[in-house]
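Residues in the sequence shown are numbered from 1 upward in steps of one, following my numbering.
Structure, as structure tokens:
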Amino acid sequence: MTHRYELEKYKGIRSRYECPACHRKRVFTRYVDTRTGKCLSPDVGRCNREDNCGYHYTPKEYFHDHPENDSSEMRRDNFGKDRTGYDTKVTPRGKTSQPQRIDCISQEYIPKYLGTRSDFVYFLRGLFNEPETGPIIQRLTGEYCLGCTDTGAVIYWQIDGQKRVRTGKVMRYNSETGKRLKNGCNAIDWMHARLKRDKVLSDEWELSQCLFGEHLLKRRPEDTVCLVESEKSAVIGSGVMPGCIWLATGGKCNLKAEKCECLKGRNVILFPDLGAFDVWKEKGETIARRVGFTLSVSDTLERIATVEDRRDGLDIADYMIKTIKTKN
1 MTHRYELEKY KGIRSRYECP ACHRKRVFTR YVDTRTGKCL SPDVGRCNRE
51 DNCGYHYTPK EYFHDHPEND SSEMRRDNFG KDRTGYDTKV TPRGKTSQPQ
101 RIDCISQEYI PKYLGTRSDF VYFLRGLFNE PETGPIIQRL TGEYCLGCTD
151 TGAVIYWQID GQKRVRTGKV MRYNSETGKR LKNGCNAIDW MHARLKRDKV
201 LSDEWELSQC LFGEHLLKRR PEDTVCLVES EKSAVIGSGV MPGCIWLATG
251 GKCNLKAEKC ECLKGRNVIL FPDLGAFDVW KEKGETIARR VGFTLSVSDT
301 LERIATVEDR RDGLDIADYM IKTIKTKN
């Protein structure tokens, strides 16, 4: 059966694009409409760096996030099929649908990799002027279960509201500047990918991500939630404004309705990075209405940004770092 939307067939380097998640060039394949030959959306597709990136935004997820773009002819027909080519579950009366399977990583790996010797934590110590035993450092590393590899990379564990470990994002930083190291062996890695390479997890294991910091929500049911793009911003934000719960989507394109189900009934402040304000505002408001939470969108960065800030793609963490260093 031919699906309405399929990954674009390789026709040379012009048919491969920059990944919206890892920003590597010529590694991203977009979904195209088989009827028109046009791509569905520039961010709907799959990165071929499955171990190091793993980004895959499907047409089904896109239409779930953007129902206004799902025309009537793409909706389910009389045969119980979605006209996008994807099966839709039809639940008979009196029966309930099967819950989605969530593959997890054993919790034993969190204490195994727990540590404060990563380059990122070293940067935090300098930023907050504390030793590794200081109260802010201990709180941040403890609440977010920050891990550390033998090479000094930080592990951002994704733990959901049921304390299930979905994966861990492995990243390297410059310990002096706090800037991410992006090249070669310092590119993003994932704990599930490492465990697959070590044959601890089977090839059938499927990644299902959640918000970074989601496990903190049940501990503080009344507190305001601050939602940012990067894990680094969430950790630094929590250090500066501990009265709020700071969560991260893990990427500009990872602001999705299914990830935000855990925010139902909460008060949420969205902090878009520079250049993403309009997209995140529109997407966030759509998700908030669907899930059912109160949303406000901070325009702080848009108001204070200089030309250089916009060129460099400033985020809320950069702003907080500048503020802290100015005070010091």
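From the three backbone atoms N, C-alpha and C, an ideal C-beta is built for every residue, glycine too.
As the structure is a prediction and not an experimental result, all values here were calculated from the model.
| query | result |
| --- | --- |
| How many whole angstroms separate the CB atoms of Glu8 and Thr29, which I take to be in contact at a CB cut-off of 8 Å? | 6 Å |
| Which runs of the alpha helix (DSSP H) fall wholly inside the segment 176-215 and span at least 4 residues, in chain order? | 191-197 |
| Give me the residue from Asp33, Ile188, Gly213 with the minimum Cα distance to Arg49. | Ile188 |
| Cβ atoms of Thr224 and Ile269: under 8 Å apart, would you say? | yes |
| What is the DSSP secondary structure of Val154, counted as helix, strand or coil? | strand |
| Terminal residues of the continuous alpha helix (DSSP H) containing Val235? | 231-240 |
| Mind listing, in chain order, the continuous beta strand (DSSP E) runs of no fewer than 3 residues lying wholly within the segment 107-176? | 154-159, 165-171 |
| Taking just the CA atoms, how far does Gly54 sit from Arg139? | 30 Å |
| Tell me the residue span of the beta strand (DSSP E) that contains Glu6. | 5-7 |
| Anyone know if the C-beta pair for Arg4 and Asp43 falls short of 8 Å? | no |
| Buried or exposed: which applies to Ser233, given that a residue is buried once 16 or more other Cβ atoms fall within 10 Å of its Cβ? | buried |
| For Leu314, which residues from the same chain have a beta carbon less than 8 Å from its beta carbon, with the 5 sequence-adjacent residues on both sides left out? | Asp273, Leu274, Leu301, Ala305 |
| In three-state DSSP terms, what is Arg310? | helix |
| What span of residues does the alpha helix (DSSP H) with Tyr55 cover, start to end? | Careful: Tyr55 lies outside any alpha helix (DSSP H) and carries neither H nor E. |
| Along the chain, where does the beta strand (DSSP E) containing Arg289 start, and where does it finish? | It is not in any beta strand (DSSP E) - Arg289 instead sits in the alpha helix (DSSP H) that spans 277-291. |
| Give a yes or no on whether the C-beta atoms belonging to Tyr214 and Ile136 are separated by under 8 Å. | The sequence as given places Glu at residue 214; Tyr does not occur at that position. Result no, Cβ atoms of Glu214 and Ile136 do not sit closer than 8 Å. |
| Between Arg332 and Ala193, what straight-line distance do the alpha-carbon atoms span, to the nearest angstrom? | Look at the range of the chain in this structure, 1 to 328, and you will see that residue 332 is not part of it. |
| List the residues that DSSP assigns as beta-bridge partners of Arg30. | Gly45 |
| Is it the case that the Cβ atoms of Gly178 and Gly147 are separated by a distance below 8 Å? | no |
| In whole angstroms, give me the CA-to-CA distance for Pro59 and Tyr144. | 32 Å |
| Which one of Arg180, Leu217, Ala153 has the shortest CA to CA distance from Trp190? | Ala153 |
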